[in-house]
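Protein chains in written order, with my numbering: chain D, 3 to 421; chain Z, 3 to 421. Glycine included, C-beta positions come from ideal geometry on N, C-alpha and C. Here the structure comes first, spelled out in structure tokens, and everything after it is commentary.
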DNA sequence: CGCAATTTGTTCAGTGGTTGAATTAAATGA
DNA sequence: TCATTTAATTCAACCACTGAACAAATTGCG
């Protein structure tokens, strides 16, 4: 008896819709555009044909549609070795659809524009303490930043296809911010306040405004910034609270209600300090921004959070003992929580984002120590812990990126819109 | 500005292969068969047409292929209300392909046959302490059970399309059992020992033998036994060790290397009892079978594990204080670990399987108490904790089910095989 | 310089599979 | 008995992919 032996079964094709006649072209448009987006260097039509298994004739037809829709451009012919007609490289258009990324956080507002290729074409961060500001006022200020971003996009020949707003809290399926504890918000209808001010010409299949948790979007940003593929990793955002975005097999896992990633209340000392969540010994009480700053003796200085983090990093770099101890202890607590996650999900990568991105050099050793002690499979397979590629404040960029990914995933919507 | 407002972004179409001409029919065969499998009552061709969006003509053609391939049968016309030609109901064939499920566990062997519809057509459990038995001998005994199952399938007109073997340990991508601690196995090449004895006529697209972790397969069994849909839940198997199968959006999540679900070593008392994994205060030390039995005063009785569990359940039912306390404490430990998982993944359901299935009535209250204390979103959304629908020892059934799911997910393989 | 070799991209008749409308089939109800 | 209603099939039309042939553009060798 011969056959291919494999351990893991076939992944069941999750309720894919039926394939109608027209869906055929629709799907192939998405496949070809996806390959162009994922390719390391500009592929030729012939490359795409061998890559996808389609014939060159089909690929040419599909690419013609994509070029006609201004999603793809022909780049300068790549320098080729060997004989034969030189290939014409295909790249994502730098003047087509773009995504608008927005963020409301505790101590800043942000807006950015990301083009199809994932390049950040515009990015503005506006520092301000938003805690004393009403939701309506905060949204009004954000709308001004969004208008600037819109103008910048116009100047660069980009068309905004949708917007994504990152908030530090729980968001329900309708975009309602159910709870943003560190902002003091509860049941705020952000889409209702913001939607009419954005003036986005809707693209079929692309939601004009998505509101999502900041940690989720930062994880998405990390996903798109990294090499193509379907990685699984945990992205931990250390802001005032601690949130995590979970990327599994290349897509964000949001949980049954979109509220996944609440790692801040994993117990790391079950009989430890009481937490405002009602539990005891939650991670947030040992590795949250406040806990670290207090342990390092930086409390009461009334610095903005990001400045305090930078100060702390500076102290640690200078060898300040209190800072080093505080960071080591926080790293240990993080390590306990992360070990549980890695044991459960068998992840091979943990990304430190938000404030942790800056503090990563001093957090990593303690985290790795805990991982090697507590992860059952540590002997066979390494777990990588690294700072976020996009650095802190990446949620807006991740959100904008998710808009263009939506266009790339279903290009027909865009093509139908612009004749 | 109008449009659909939604919180969560579009799920990116994960690297789907290109759609060739022939794939069209291939995909629609899968879609239609999937709907027939998922339907609550036998659907008619017309039902399928409105359901899938295909035309009735196309559905008829597709269904003809499926009936010709003996995957689907016409059932007796369903009693219809109202006028009109009565519909002919379509059901999965009870004489077509079937799956062989096998299990090697610490104290029993099992083999079963499951047909397309998910009905268990044959099931044999052979009790034996496998710890003193060599892997080769254990596989030889299992092969005898498998031969019986094969004969039973033949008698019922079923054709085995593939086999799945459940083992209580870590399995790598090649089917190698890297470590089965409670069985004392290490780096055992089970496919090499078993494959040639199974005599399975391979079906294209269906792996002839899959080896997987027992907890994963039990979770798959639970998934298929439940209502159709794409649920997310955690299935906890309490055997000698504690394993978990994680089902996310209707598919099993296996992790980067297939080793997800190691919940037994989540710390629930970080400075608690030392564990053989090297950590301290692991869940297994508080809610593992040994820990519970010891706490209940049932240790040293040298009973087989399942008998001991039944005995314990009997004592608890009779109000034995030691048993009740032991179960309450185990439930509390489980609740701490489960809370962490629920906070992280936002699951709405936790299923108690393996030995826990029997003990669920006494474990649930303590688990629910911890959940309500520790889960941040508990106020908005309930978490259901329930015993496994398939009961204990469901891994073999789940494995057999995963074989038929593979056939349903890609029926062309089967159709190509049998003219 | 010229020509074969090579690779890219396009053209075009052919085909598979879906489409939509018309038709047949089989029941209910007035 | 016949109009009404719903189910399923038939068939010409059509859409998008296929495969082979062809045109285009470059390298390399004599």
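Relative to the C-alpha of residue 368/D, which candidate in 331/D, 341/D and 393/D has its C-alpha closest? 331/D
Considering only DSSP beta bridges, list what residue 182/Z is partnered with. 187/Z
Going by alpha carbons, who is nearest to residue 34/D out of 185/D, 97/D and 63/D? 63/D
Using 8 Å for Cβ pairs, my map puts residue 216/Z next to residue 105/Z. What's the rounded Cβ distance? 7 Å
Using the Cα positions of residue 138/D and residue 202/D, report the straight-line distance between them to the nearest angstrom. 20 Å
Which same chain residues end up closer than 7 Å to residue 193/D when comparing Cβ atoms and leaving out the 5 residues on each side of it in sequence? 177, 211 and 213
contact_flag[the stretch 334–345 of chain Z, the stretch 370–390 of chain Z] where n(CB pairs < 8 Å) is 3 or more: yes
Entirely enclosed beta strand (DSSP E) segments - the stretch 210–279 of chain Z, minimum 3 residues: 211–215, 235–240, 244–250 and 253–255
Note down the Cα distance separating residue 159/D from residue 232/Z, rounded to an integer number of angstroms. 41 Å
Euclidean distance between Cα positions of residue 226/D and residue 319/Z: 55 Å
Hey, quick one: how far does the alpha helix (DSSP H) through residue 294/D stretch, first residue to last? 291–297
Using a Cβ-Cβ distance cut-off of 7 Å, determine whether residue 97/D contacts chain Z. no
For residue 382/Z, count neighbouring C-beta atoms within 10 Å of its own C-beta (all shown protein chains included) and say buried if the count is 16 or more, exposed if not. exposed
Would you mind sorting residue 357/D into buried or exposed? The rule is 16 or more other CB atoms within 10 Å of its CB. buried
In chain order, what residues of the same chain lie with their CB nearer than 7 Å to the CB of residue 95/Z, ignoring the 5 residues before and after it? 72, 73, 74, 75 and 118
Could you compute how far the alpha carbon of residue 418/Z sits from the alpha carbon of residue 90/D? 40 Å
Residue 60/Z to residue 25/Z span [Cα, whole Å]: 15 Å
May I ask you to verify whether the stretch 183–197 of chain D touches the stretch 401–421 of chain D, counting CB pairs closer than 8 Å and requiring at least 3? no
Same chain only: Cβ atoms within 7 Å of residue 403/Z, ignoring 5 sequence neighbours per side: 101, 116, 120, 222, 223 and 226
Determine which residues of the stretch 332–343 of chain D have a Cβ less than 9 Å from any Cβ of chain Z, and write them out in chain order. 338, 339, 341, 342 and 343
Host beta strand (DSSP E) of residue 129/D (start-end): 122–129
Consult DSSP for residue 117/Z and reduce its assignment to one of helix, strand or coil. strand
Could you pull the DSSP bridge partners for residue 381/D from this structure? For residue 381/D, which the question treats as bridged, DSSP gives no partner whatsoever.
At the level of alpha carbons, what is the spacing between residue 206/Z and residue 54/D? 21 Å
Under 7 Å, Cβ to Cβ, is there at least one residue of chain D near residue 158/Z? no
By a C-beta neighbour count over all protein chains shown, 10 Å radius and 16 as the cutoff for buried, is residue 2/D buried or exposed? No answer is possible for residue 2/D: it lies beyond the span of chain D, which begins at 3 and ends at 421.
How would you list, in chain order, the residues of chain D whose beta-carbon sits under 8 Å from the beta-carbon of residue 250/Z? 250 and 255
Between residue 344/Z and residue 385/Z, how many whole angstroms is the CB-CB distance? I'm expecting something under 8 Å. 6 Å
Exposed or buried, what is residue 129/Z when buried is set at 16 or more other beta-carbons lying within 10 Å of its beta-carbon? exposed
Please confirm whether residue 49/D has its beta-carbon closer than 7 Å to some beta-carbon of chain Z. no
Determine the closest residue to residue 392/Z out of 170/Z, 354/Z and 269/Z, with distance taken between C-alpha atoms. 354/Z
Partner residues on chain Z for residue 188/D, Cβ-Cβ distance less than 9 Å: Near residue 188/D there are no residues of chain Z at all, since even the closest Cβ is about 12 Å away, more than 9 Å.
Counting only C-beta atoms, is residue 244/D closer than 7 Å to chain Z at any point? no
Using 7 Å as the limit for Cβ to Cβ distance, is residue 312/D near chain Z? no
DSSP three-state assignment for residue 340/Z, whether helix, strand or coil: helix
Can you list, in chain order, the residues of its chain whose CB lies under 6 Å from that of residue 317/Z, leaving out five sequence neighbours each side? 325
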